[in-house]
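Engineer: Here it is: the structure, laid out below.
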């Protein structure tokens, strides 16, 4: 090996060691299940494998086995707009319908429209962003909020169907701000510690999403709240992470009914931690709880339905029909 190649390899190994030392330091300090991990063994095994990588970027392949080994199934590393994470839960073809797959492949976007003269329909897809500044969150949330407000003003809907069947994750603040009028000025979800005790409540108040940051995200509100209107929430096995938090925000809300399947089960909350080389880690530090501080491994429907989807004609969709029955009931 030439001297130049040797020096380059040494430089790469230095970068790899620096980075993974920072990863381990953050995990040992903040990871929710850190006390159950044999860190000495995990670091020894990882360091042996890291010797085989020639570049920093290629070493990021080690993130998956590392996170798998410590059961960090909701932790993530972001580098150059790529995500590195654990293997994750396996969802098979038997878990979803052909109609769901067809709609998913079309890359569904936000929808808000009247489904019938009395009932509004909101489809909330996954919306991800690397820019969580208040300005960008408002840029994402405001058009969705305004569209719902337009329907509220022009049609005086008697009830709403919130479709989270494609809400696979992403940023939660834009979603909850868009749905502000249906949620009202309330605590909407909570962070639960390892002892399953509530540690912090995230709130909506006066158009703001209050999650503890100094400069909260917000939207420009208009008109009356609809926090006493009936809402049916539709879930699927792909309702995950921030999708589950969006569903959780409606748990404990009056006049609310859940239809579909249990959600994916990524019911843990993350904080963002800066790492070397422009890399960021989302570290799991708590569990996600509803507005009352209750935690469950998944969001469970009130009425469980499987593969009743029909996105070619929503009026033939079994989940939609069950939702309409609830909206028309005296409950």
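Numbering (this note's numbering), first residue to last: 51 to 381.
All C-beta atoms in this analysis are idealised placements derived from N, C-alpha and C, irrespective of residue type, glycine included.
#1: So what's residue 349 in DSSP terms, helix, strand or just coil?
#2: Can you give me the Cβ contacts of residue 95 inside the same chain, cut-off strictly under 8 Å, excluding the 5 residues immediately before and after it?
#3: Do you know offhand how far residue 304's Cα is from residue 238's?
#4: Is it true that the CB of residue 217 sits closer than 7 Å to the CB of residue 293?
#5: To the nearest angstrom, how far is it from the Cα of residue 158 to the Cα of residue 83?
#6: Using alpha carbons as the reference points, say which of 184, 334 and 155 lies closest to residue 135.
#7: Near residue 70, which residues of its chain fall below 7 Å by C-beta distance, leaving aside the five closest residues on each side in sequence?
#8: Is residue 380 buried or exposed, if buried means 16 or more other CB atoms sit within 10 Å of its CB?
#9: Between the beta-carbon of residue 360 and the beta-carbon of residue 149, is there less than 7 Å?
#10: What's the call for residue 328, buried or exposed, on a 16-neighbour Cβ count within 10 Å?
#11: When you compare only the Cα positions, how much space is there between residue 203 and residue 341?
#12: Tell me, to the nearest whole angstrom, how far the beta carbon of residue 194 is from that of residue 231; I am working on the premise that it is less than 8 Å.
#13: Does DSSP put residue 358 in a helix, a strand or coil?
#14: Pull up the CB-CB distance for residue 355 and residue 309, whole angstroms please, since I reckon it's below 8 Å.
#15: By Cβ distance below 6 Å, which residues in the same chain neighbour residue 261 in space, the five residues on each side in sequence not counted?
#16: Distance check for residue 320 and residue 66, CA to CA, integer angstroms please.
#17: In or out: residue 369 buried (at least 16 other Cβ within 10 Å) or exposed?
#18: Output the distance between the C-alpha atoms of residue 53 and residue 189, rounded to the nearest integer angstrom.
#19: Can you give me the C-alpha to C-alpha distance between residue 81 and residue 154, rounded to a whole angstrom?
#20: If we call anything under 7 Å between Cβ atoms a contact, is residue 141 one with residue 266?
#21: Compare the beta carbon distance of residue 208 and residue 168 with 7 Å and say whether it is the shorter of the two.
#22: Do residue 336 and residue 241 come within 7 Å of each other at the CB atom, strictly closer than that value?
#23: In the DSSP assignment, what residue or residues form a beta bridge with residue 237?
#24: Compare the C-alpha of residue 306 against each of 79, 93, 161 and 374 and name the closest.
#25: Hey, would you say residue 296 sits closer than 7 Å to residue 365, going by beta carbons?
Structural biologist: This is what the structure holds:
#1: Numbered from 1 along the chain shown, position 299 holds the residue referred to as residue 349. Taken through DSSP and simplified to helix, strand or coil, residue 349 comes out as coil.
#2: Position 45 of the chain shown holds residue 95. Taken in chain order, the residues that qualify are 119.
#3: As a working note, residue 304 is residue 254 in the chain shown. As a working note, residue 238 is residue 188 in the chain shown. Cα-Cα distance, rounded: 13 Å.
#4: Residue 293 sits at position 243 when you count from the first residue of the chain shown. Residue 217 sits at position 167 when you count from the first residue of the chain shown. For residue 293 and residue 217, yes; Cβs fall inside 7 Å.
#5: Along the chain shown, one-based indexing puts residue 158 at 108. Along the chain shown, one-based indexing puts residue 83 at 33. In a straight line, the C-alpha of residue 158 is about 35 Å away from that of residue 83.
#6: Taking the chain shown and counting its residues from 1, one reaches residue 135 at position 85. Nearest C-alpha to residue 135: 334.
#7: Position 20 of the chain shown, counted from the start, is the residue given in the question as residue 70. Excluding sequence neighbours, residue 70 sits near 96 and 100.
#8: Translated into positions along the chain shown, residue 380 becomes position 330. Looking at its Cβ environment, which holds fewer than 16 other Cβ atoms inside 10 Å, residue 380 is exposed.
#9: Locating residue 360 in the chain shown gives position 310, where the first residue counts as 1. Locating residue 149 in the chain shown gives position 99, where the first residue counts as 1. Closer than 7 Å, so yes.
#10: Taking the chain shown and counting its residues from 1, the one referred to as residue 328 is at position 278. A residue is called buried once 16 or more other Cβ atoms fall within 10 Å of its Cβ, and residue 328, having fewer, is exposed.
#11: Residue numbering aside, residue 203 sits at position 153 when the chain shown is read from its first letter. Residue numbering aside, residue 341 sits at position 291 when the chain shown is read from its first letter. A direct Cα-to-Cα measurement between residue 203 and residue 341 gives close to 28 Å.
#12: Counting from 1 along the chain shown, the entry for residue 194 is found at position 144. Counting from 1 along the chain shown, the entry for residue 231 is found at position 181. Approximately 11 Å separates the beta-carbon atoms of residue 194 and residue 231; this is outside 8 Å, ruling out the contact.
#13: By one-based count along the chain shown, residue 358 stands at place 308. Looking at residue 358 - three-state DSSP - the assignment turns out to be coil, as it is neither helix nor strand.
#14: Here the question's residue 355 lines up with position 305 in the chain shown. Here the question's residue 309 lines up with position 259 in the chain shown. Beta-carbon to beta-carbon, residue 355 and residue 309 are separated by about 6 Å, close enough to satisfy the 8 Å threshold.
#15: Numbered from its first residue, the chain shown carries residue 261 at position 211. Around residue 261: 252.
#16: By one-based count along the chain shown, residue 66 stands at place 16. By one-based count along the chain shown, residue 320 stands at place 270. Separation of residue 66 and residue 320 (C-alpha to C-alpha, rounded to the nearest whole angstrom) is 24 Å.
#17: Counted from its first residue, the chain shown places residue 369 at position 319. So residue 369 ends up on the buried side.
#18: Taking the first residue of the chain shown as 1, we reach residue 53 at position 3. Taking the first residue of the chain shown as 1, we reach residue 189 at position 139. The predicted model places residue 53 with a pLDDT of 33, which falls under 50 and marks its position as unreliable; any figure quoted below should be read in that light. CA-CA distance, residue 53 to residue 189, rounds to 52 Å.
#19: Indexing the chain shown from 1 puts residue 81 at position 31. Indexing the chain shown from 1 puts residue 154 at position 104. Using only the alpha carbons, I get a separation of about 33 Å.
#20: Along the chain shown, one-based indexing puts residue 141 at 91. Along the chain shown, one-based indexing puts residue 266 at 216. No, these two residues do not count as a Cβ contact at 7 Å.
#21: Position 158 of the chain shown, counting from 1, holds the residue named residue 208. Position 118 of the chain shown, counting from 1, holds the residue named residue 168. The Cβ-Cβ distance between residue 208 and residue 168 falls below 7 Å.
#22: In the chain shown, the residue the question calls residue 241 occupies position 191. In the chain shown, the residue the question calls residue 336 occupies position 286. Contact flag set, yes.
#23: Translated into positions along the chain shown, residue 237 becomes position 187. Paired residues: 253.
#24: By 1-based counting over the chain shown, the position of residue 306 is 256. When only C-alpha atoms are compared, the closest one is 374.
#25: Start at 1 with the first residue of the chain shown, and residue 296 comes out as number 246. Start at 1 with the first residue of the chain shown, and residue 365 comes out as number 315. Taking 7 Å as the Cβ cut-off, residue 296 and residue 365 do not qualify as a contacting pair.
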